[in-house]
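Accompanying notes for the structure given below.
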Amino acid sequence: MQASPTRSASTASLGSWYRENARDLPWRRPEFLVEFGAWGILVSEFMLQQTPVARVIPHLKAWLARWPSPAALAQATPAEVVHQWANLGYPRRALWLHRAAQEIVARHSGDTPRDVPALLALPGIGDYTARAVAVFAFGDRHPVVDTNTRRVIARAIHGRAQPAPPSRRDLDDMALLLPADDAEAAVVNAAMMELGATLCGARRAVCEPCPLSTTCAWHAAGHPAGEDRRRRQAAYEGSDRQARGGVLRALRNAVEHQLPAMAVIPEWPDATQRDRAIDSLIADGLVEAQDDELRLPR
DNA sequence: GATGCGTGGCA
DNA sequence: TTGCCAAGCAT
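In structure tokens form, the structure reads like this:
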């Protein structure tokens with residue numbers, strides 16, 4: 001399917017809206033790319049995977065101050081990396097980022113790759129992150145689809161309140177919205193994400209200032225609730241994830257206070273669950289067992 | 001395609 | 001308070 005006049009009009013208004021309304025975020029500033037290059041974008045995208053923007057910003061600055069290049073991070077130990085990750089959540093991302101840095105050094109001469117297949121081959125990088133780096137760091141033309149983009153497409157294009165579960169077809173939907181020019185396509189990618197993050201929210205949509213409101217299928221239909229096929233998040237209280245988080249928090253705390261790990265492992269109501277959490281952390285490489293003692297991995 | 005995987009703010 | 005939500009990825 002080729003570009004329709006209606007769609008062209010929509011994306012054109014998106015670009016001007018973005019240039020006037022985009023938030024001033026660190027990784028969008030020209031000096032950020034000058035100082036840290038594509039590596040800075042890659043690190044920001046790792047941290048932004050499922051972690052809110054406001055929590056990422058201070059951690060990103062500290063991380064890049066300590067490890068401003070893939071070569072610098074590649075020389076760190078897993079323990080340093082997991083500790084620096086702190087409370088960002090999903091700490092396996094820290095290990096993946098560390099391994100990605102080592103592979104960039106080993107296989108790409110320390111330069112963050114530009115090609116999507118090369119990016120996809122790095123640990124912790126999937127369809128979203130690979131294209132986000134290629135587009136926002138290198139200016140190439142690819143569809144970038146995250147949870148915000150999916151929601152905006154579901155509403156503006158398909159007239160549904162909520163997107164269907166993530167699918168590779170989402171990339172095709174987004175590709176159809178991209179203008180031919182590389183730089184403009186990057187702006188449209190960013191604008192769709194920005195719309196979902198600001199006006200077109202999961203809980204609430206503010207349509208009056210939206211550049212897509214005049215062509216939005218969901219708006220035209222009167223905001224029907226529709227079917228919600230989103231995956232429900234499992235309860236966190238009392239979960240294995242909470243137990244893993246408690247153990248890892250204790251190990252980070254042990255490092256900071258130079259205490260033996262077992263002295264700071266919190267009492268856990270369910271010892272079986274605590275041991276299962278420790279075993280799974282060891283299996284993930286996030287924790288190391290040595291002489292009946294636990295520690296962050298060397 | 002469905003699950004497991006952290007953490008904290010907000011309604 | 002409880003549940004929802006957040007620039008996803010690997011298996």
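Just so we're aligned: the first sequence equals residues 1 to 298 in full-length UniProt numbering. Positions of the beta carbon are idealized from the N, C-alpha and C atoms, including for glycine.
Linking Asp292 to Pro70 through their CA atoms gives a straight-line distance of about 34 Å. Ala205 and Arg151 have their C-alpha atoms some 11 Å from each other. Setting aside the 5 residues that flank it on each side, Asp228 is surrounded in the same chain by Gln162, each with a C-beta closer than 6 Å to its C-beta; the list follows chain order. Counting only residues of its own chain and dropping the five nearest sequence neighbours on each side, Ile125 has a CB closer than 6 Å to the CB of Leu119. The C-beta distance from Leu199 to Cys216 rounds to 11 Å, too long to meet the 8 Å contact threshold. Under the three-pair Cβ rule at 8 Å, the stretch 129 to 148 does not count as touching the stretch 94 to 102.
For Pro165, the CB contacts under 7 Å within the same chain, skipping 5 residues up- and downstream, are Arg229, Arg231 in chain order. Judged by DSSP in its simplified three-state form, Ala271 adopts helix.
Note on His257: under 16 other CB atoms within 10 angstroms of its CB, so exposed under the neighbour-count rule.
For Arg229, the secondary structure class from DSSP, reduced to helix, strand or coil, is coil. According to DSSP, Leu294 shares a beta bridge with Ala289. Scanning the UniProt domain "HhH-GPD" (47 to 198) for uninterrupted alpha helix (DSSP H) segments of 4 residues or longer gives 53 to 66, 70 to 74, 78 to 85, 92 to 108, 116 to 120, 127 to 136, 147 to 156, 169 to 175, 182 to 198, listed from N- to C-terminal end.
Judged by DSSP in its simplified three-state form, Ala220 adopts helix.
A check of alpha carbon separations from Arg93 across Arg23, Val43, Ile57 identifies Val43 as the nearest.
For Arg252, the uninterrupted alpha helix (DSSP H) run begins and ends at 240 to 257, by DSSP.
Under the criterion of beta carbons closer than 8 Å, Leu14 and Ala191 qualify as touching, at roughly 4 Å. Taking a C-beta distance under 9 Å as the contact criterion, Pro78 and Pro260 do not qualify as a contact pair. Taken through DSSP and simplified to helix, strand or coil, Ala202 comes out as coil. Ranked by Cα distance from Pro52, the first of Leu64, Ser16, Asn148 is Asn148. One thing to note: Ala277 has its Cβ within 9 Å of the Cβ of Gly246. Excluding the 5 residues flanking it on each side, Ile157 has same chain C-beta neighbours closer than 7 Å at Asp173, Ala217, in chain order.
With 16 or more other Cβ atoms inside 10 Å of its own Cβ, Val188 counts as buried.
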